[in-house]
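Just so you know, the sequences run in chain order A, B, C and D.
Here the first sequence stands for residues 588 to 981, numbered as in this note's numbering.
Here the second sequence stands for residues 588 to 981, numbered as in this note's numbering.
Here the third sequence stands for residues 9 to 384, numbered as in this note's numbering.
Here the fourth sequence stands for residues 9 to 384, numbered as in this note's numbering.
Glycine included, every Cβ here is placed at the ideal spot set by N, Cα and C.
It should be emphasised that the depicted structure is a prediction, and the values quoted were computed from it without experimental measurement.
Presented below is the structure to which this report refers.
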Amino acid sequence: MDLTFSREEEAFRERVRSFIAEHLPARLKGRTRRDLATKEDYLDWHRTLYRKGWVAPLWPKEYGGTDWSVTERYIFNEECARAETPPLIPFGLAMVGPVIYTFGNAAQKQKFLPRILSGDDWWCQGYSEPGAGSDLASLKTRAVRDGDHYVVNGQKTWTTLAQFADWIFCLVRTDPSVKPQQGITFLLVDMKTPGITVKPIIVLDGVREVNEVFFDDVMVPIENRVGEENQGWTYAKFLLVHERSGIAGVARSKKAIERLREIAAAEQVDGTPLIETDEFARKVAEVEIDLTALEFTELRTLAAEARGGHAGPESSILKIKGTEIQQRITELTLEAVGYYAYPDAHGFGDNEYPVGPEDSVGTAGVYFNMRKASIYGGSNEIQRNIIAKAVLGL
Amino acid sequence: MDLTFSREEEAFRERVRSFIAEHLPARLKGRTRRDLATKEDYLDWHRTLYRKGWVAPLWPKEYGGTDWSVTERYIFNEECARAETPPLIPFGLAMVGPVIYTFGNAAQKQKFLPRILSGDDWWCQGYSEPGAGSDLASLKTRAVRDGDHYVVNGQKTWTTLAQFADWIFCLVRTDPSVKPQQGITFLLVDMKTPGITVKPIIVLDGVREVNEVFFDDVMVPIENRVGEENQGWTYAKFLLVHERSGIAGVARSKKAIERLREIAAAEQVDGTPLIETDEFARKVAEVEIDLTALEFTELRTLAAEARGGHAGPESSILKIKGTEIQQRITELTLEAVGYYAYPDAHGFGDNEYPVGPEDSVGTAGVYFNMRKASIYGGSNEIQRNIIAKAVLGL
Amino acid sequence: MDFAYSEEQNLLRNSVVRLLADNYSFETFKKVSRGEPGWRPESWKQFAELGLLGAPLPEAYGGLGGGPVETMVVMEAFGRALVVEPYVPTVVVGGGILQSAGSEAHKQEWLPKIAAGDAVLAFAFAEPQGRYNLADLAVTAKKQGSAYVLNGQKSVVIGAPFAHALIVTARTAGARREEKGLSVFLVNRRARGISTRDFPTVDGLRASEITFENVEVPADNLVGTPDDALPLIEQIVDEAIAAHCAEALGAMRMLQESTVEFSKTRKQFGVPIGKFQALQHRMVDMFMQVEQSASMTLMVTLKLGDSESARKKAASAAKVQIGKAARFVGQNAVQIHGGMGMTDELALGHYFKRVTMIDTLYGNVDHHLKRYASLG
Amino acid sequence: MDFAYSEEQNLLRNSVVRLLADNYSFETFKKVSRGEPGWRPESWKQFAELGLLGAPLPEAYGGLGGGPVETMVVMEAFGRALVVEPYVPTVVVGGGILQSAGSEAHKQEWLPKIAAGDAVLAFAFAEPQGRYNLADLAVTAKKQGSAYVLNGQKSVVIGAPFAHALIVTARTAGARREEKGLSVFLVNRRARGISTRDFPTVDGLRASEITFENVEVPADNLVGTPDDALPLIEQIVDEAIAAHCAEALGAMRMLQESTVEFSKTRKQFGVPIGKFQALQHRMVDMFMQVEQSASMTLMVTLKLGDSESARKKAASAAKVQIGKAARFVGQNAVQIHGGMGMTDELALGHYFKRVTMIDTLYGNVDHHLKRYASLG
């Protein structure tokens, strides 16, 4: 057993670090998803990594992956977090891409994969519906075969950044007569197809992050079906357990704690920096210790993968603890700023700077918004159900 | 709305206080159930209150009650806790007594009630069975009619202080062919009846507090059946919701916090009394605040009762929060004594004083033992089920 | 001991609940909180007509002659309806401070106006450097002739954008954070030298950052004893805390009840989610938190007139309970609502925001735990 | 980075697990912990024969030449079996302190005896007034000629009743709680002037209160640098913490697994209680706590050789996680077992007691949170 990195790994880290230092524009550094207002903001860093060949470390080499070891991927993620690079939108790279290269046909691979890598196609995810959240299999959006097309009718919801999307991957019901899981098909749908309407949902912090997507007699060519008709649930499940590394968000949370410490060092309580008060110092220590435990849980998972195993349902721990920690950090940050949590960051004009110290701006909004982390992507209750069943055998 | 006591109520408090001061022997003061080793220890204070006519404040005047108002009962409990009087064993006074005067016949009332009041009969409770804990209605102890007797066979368990008991009240199955709740009968059984065997169960802290009670062809005269055959579940349920005042244990917990403060004032951390360290002071404050909330929740319940309502299923809150607080106090006390939690108080000879400061002796045992509080008397999970169903309508 | 409302209190309760049901829907809240001027003078007038604005004020000055219980009744109802109008700053703080420490002239001028709905007040007590310490003041008031001259900055003054006057805490003597040396002033919101930056708050209120630059305040506008106002400020803040506890209680009841209702209709896996035991127990815990908060709201309300240390302990204990409950109830209400809990269009999220911000107001859980513990 | 056991470590693991399965049942634990002498020399011999007692000791002195990972492997297995024999005091503390600071003569005399199972050591570091501060010592050692004279009292010295020698921390200079001025001595348990009071602990171990009255210790028995032993003591305590984390981990795995098993067979309301979602989620939380504890045990074990501050942070972080997990896992294991969880006859309660006491040992959660925070 050994915690240290090999000389080769250290050299790799150096290469990553200097690449980032050289290519990350100052205006993008430290900008989180919520600060990125335009599509261009999002794609800028994506394209930089694409040009370097580093945009899809998880993909097999033949489709444009990097062929890195588990440890190298870990180092890459750490360095990105350290440098506060903007996040990459996962819907193409981490979600539909792997489905296409695993279950798609040659034509689909050729058509879609390069444009995902290059950022030419922006994807969004059509899973949830108003009546189908945690119980995804109860989805009702219908697709009826009509010659060489499917005609899709129904509604998806909580569709993140659909307003920017060129394509949406959808679970649709093609056979309502069988068990819910069995009659589902996985379709790739061009967002420009007539009959698609996108309506914004404003979330708690006043931001347009998610949408409703309506389908009204939308014609989808059969060649845009992934795999077999009625087998979509298999591909969807694959996506749910596929590669959860990064889902824990350890490196990002470390950075967030660093920021929290800075804020709490500036805030004074009776002349003492908040971070030096017994109670707050302990609370920060507690979340940091939790995060250390999670980091090693993730490392153990990665090590098991590297030894040829693969991430099992235990990795639901990474989702549960990861989101709990992210939420806790936003909660402590809200606490740290005191009264300056009050101003509504979205209540100021576009060219007007909100009141309060820079670090305090929007902390309440971030806290409110982060409540989603334990809801989306399989709620933490669903994750607990998975562990109870698949790991504990209950 | 008014928090103050009337002049009459204050005078009542004075009377109670001086009676206790005059009659509580020093050797009994502050002794909890676990310190009372002999039957005589237990009965001493019971008999003192009996002679005064104060042993059964909850009972109707006609059966030997005190006819006190809700507020007077509250004051009486407060004063007892304040003076650290020994506890009264509830099985006769608070449990079978009310069942007998509510559902028993004249002969039963005449035979049993006076001896419960006087302490001549010690009762224990035959509810739980090895296979029937939270799911009490699944009990299997059989009673078969044979002339003017029931023949009882089966086993009860977790029977508190059965080793001292003269009588046991039992739920037995008289009709196994109907729904579990329907074929149950409520019997009063003389512990001297042939066929009864009592076997101790040693609990976590090494104390004999509970027992198994075995029934082997035990003959119980029909006149010892309370109410109707097969209607026992009604009487059992009555007992479960009857008079929960006191179940919160507010006054006793206040005293326990006082003790905790004393212990934490004596214990030093780097030269500072533990109670003055930021972290410990906060933890004690937290449990004290919790207790204040519970106290007012209980007062609100009492006030509703006094206005003619009666304690509904909301009073399950008193059980849940009350036990959580009791457990938390024992946990903090264990923490406070540091290394002197280690010595096993039962590992010393009878005449040997255990090592460590007096206040530390047995703290770990009390902590371990108190885990039962959330299990017995309807586990806290069952209490939550009750609230979910009966209050929230889920 | 008696926990029942009097007949008048019951009447008050029924009438405020009815008024809000008829006139203060969630749609109203959204429209008012998102538009200008950020409050609804028309509602304020209705409150006045019903006597709410004078509920805890003396009858001699146009009030109903009630006290903390009346405030509790009003604020719990306001919490249920997400009322944005500045009741606490105007009636509880403004009315309260003038009633207990104002001169006869102050009372005659202001109390009837408050009760009639003709005066809105705001309480300028927080400062950028002071966090929750009421004595950590950098705003100074220097006596010059027959006036005091105020300089410095106050933060997040709720209701200030539409206030006629400000209750301002300032240092007239002593060093920063010293207990002695504080005074309270009644300051015309339009006085020369006051500049404000108005903004919306995350929970739908309006507030201002206020800068005082050589603002002259007539010495007559000093309220109470000069240089020794901390006890007065603390008393009033504890009363405001009790009022906000009641507000939070009303909001938490809505969160808890609407979560239970939602769980009965929302189906997943073919059954209402309220049938899942893990969620049931969570909702029971929410219910218990709300009930414990109701108990503490009652407790602090009934103890506001007790000895100083009993009152302080009561206020801090209540604030701790409410702050913890708000977090637990709010977070779980959102969680159980799932995606629906995250939308800005549902009332739920706004209750969550309101109770979250009440934890911050006048000191959060940590602050009050420490204060409670320090009172021994 | 590599988290796999070496072939030798796997071998060690398998053999210790097999030995305990064959020879150390719960019945054994009960008999040994309740009877005299309170440990089983026969087991100790078996441990020696298997090489466990020399696992982390150098091969030159009869050990296996392993390190912290080997200790972790042994202690996790010991935790699963509720082993009562004093492995940590003897091997980790005694062996460790002599190995890192003892003279060549110490090593030659003691290490082979430890590895062979011929020497039991106990660690006398805690004092009645000192709580968890390793430098808060009232036991003094004064140099007199070629000897030191010890006076004072040590508390709860685990394993002392059957120890051959004691590792004693004492103040040779400086004032109480001063960081400088501490020294470590190897003291014959039978030395004149030592009186002990032996007692059983709540978790089935044996310990002693030890009084030193003018106990003469040859100067040769000083271990390490005089007057500057705190860094050595801290290093060894951190190593002991890592070992106890592994022990607690083993015990928690038993608690968690047996609770899951119990919940599958115990029926209430006609179904196994493991079908109730509220209990399922609780057991998932227990499982997560155990996995997070496994991670932290690994982490601290691999960081014992890091820089002083990294090591201290690692040890405190691990102790915090283990302490919290122990409480949560232990309490809920008992709760889910219901009445059965309360009996002394079931193994469950004894695991609960053991992990509870490990939280106290070498400082509880609060102590280590504070220590962690103070390391910046």
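- Where R205 of chain C is concerned, there is no enclosing alpha helix (DSSP H), although the beta strand (DSSP E) around it starts and stops at 202 to 208.
- V24 of chain C sits in a helix when the DSSP states are folded into three classes.
- Within the model, the alpha-carbon separation for Y95 of chain D versus L61 of chain D is close to 7 Å.
- When 8 Å is used as the limit between beta carbons, E866 of chain B is near these residues of chain A: D865, E866, R869, in chain order.
- Where D733 of chain B is concerned, the enclosing beta strand (DSSP E) starts and stops at 729 to 733.
- S154 of chain D counts as exposed, since fewer than 16 other C-beta atoms from the protein chains shown sit within 10 angstroms of its C-beta.
- Using a 10 angstroms sphere on the CB of S216 of chain C, the tally of other CB atoms reaches 16 or more, which defines it as buried.
- In the displayed model, Q137 of chain C falls within coil according to three-state DSSP, outside both helix and strand.
- Comparing alpha-carbon positions, the option among A:S593, A:I662, A:I607, A:Q712 lying closest to A823 of chain A turns out to be A:Q712.
- With a threshold of 16 other beta carbon atoms within 10 Å, K648 of chain A falls short and is exposed.
- Straight through space, the alpha carbons of H358 of chain D and G836 of chain A are spaced by roughly 38 Å.
- Annotated three-state conformation of M260 of chain C is helix, per DSSP.
- Beyond the five residues adjoining it in sequence on each side, F599 of chain B comes within less than 7 Å, by CB distance, of E659, I662 in the same chain, given in chain order.
- Bridge pairing for G741 of chain B: B:F802 [DSSP].
- Among the residues of the segment 725 to 759 of chain A, those with a Cβ less than 8 Å away from any Cβ of chain C are S725, T744, W745, in the order of the chain.
- When Cβ-Cβ separations below 7 Å define contact, Q297 of chain C makes no contact with chain D.
- Closer than 7 Å at the C-beta level to chain B, one finds these residues of the segment 74 to 96 of chain C: V77.
- Per the C-alpha coordinates, the member of D:Q152, D:A286, D:R214 positioned closest to R48 of chain D is D:R214.
- Under the DSSP definition of a beta bridge, D10 of chain C partners with B:D589.
- For W655 of chain A and N664 of chain A, the gap between their C-alpha atoms comes out near 12 Å.
- Between L377 of chain C and V308 of chain C, the C-beta spacing is not below 7 Å.
- Listed along chain D, the residues sitting closer than 7 Å to Q285 of chain C by beta-carbon distance are F284, Q285, A286.
- Chain-ordered listing is empty here: chain D has no CB closer than 9 Å to the CB of H345 of chain C, the nearest sitting near 18 Å.
- When 7 Å is used as the limit between beta carbons, V176 of chain C is near no residue of chain B, the shortest such separation being about 32 Å.
- Residue contact check for P239 of chain C against chain A: no CB pair falls below 7 Å.
- Rounded to whole angstroms, the gap between the alpha carbons of G964 of chain A and I703 of chain A is 21 Å.
- Residues of chain B whose Cβ lies closer than 8 Å to the Cβ of T233 of chain D do not exist, since the nearest Cβ in that chain is about 24 Å away.
- When C-beta atoms of the segment 319 to 334 of chain C are compared with those of the segment 231 to 249 of chain C, three or more pairs fall below 8 Å, so the two segments count as touching.
- Contact check for A134 of chain C against Y926 of chain A passes: the beta carbons are separated by less than 7 Å.
- Taking C-alpha positions only, A730 of chain B is separated from V759 of chain B by approximately 6 Å.
- Beta-bridge pairing by DSSP links R812 of chain A to A:L774.
- Note that the C-beta distance between I244 of chain C and L287 of chain C is not below 7 Å.
- Within chain B, the residues M588, D589, A890 have their CB atoms less than 8 Å from the CB of D10 of chain C, given in chain order.
- For the segment 82 to 123 of chain C, the continuous alpha helix (DSSP H) assignments of 4+ residues that do not extend past its boundaries occur at 104 to 109, in sequence order.
- The segment 53 to 73 of chain C and the segment 92 to 109 of chain C touch, with no fewer than 3 CB-CB distances between them shorter than 8 Å.
- For L889 of chain A, the enclosing alpha helix (DSSP H) begins and ends at 865 to 893.
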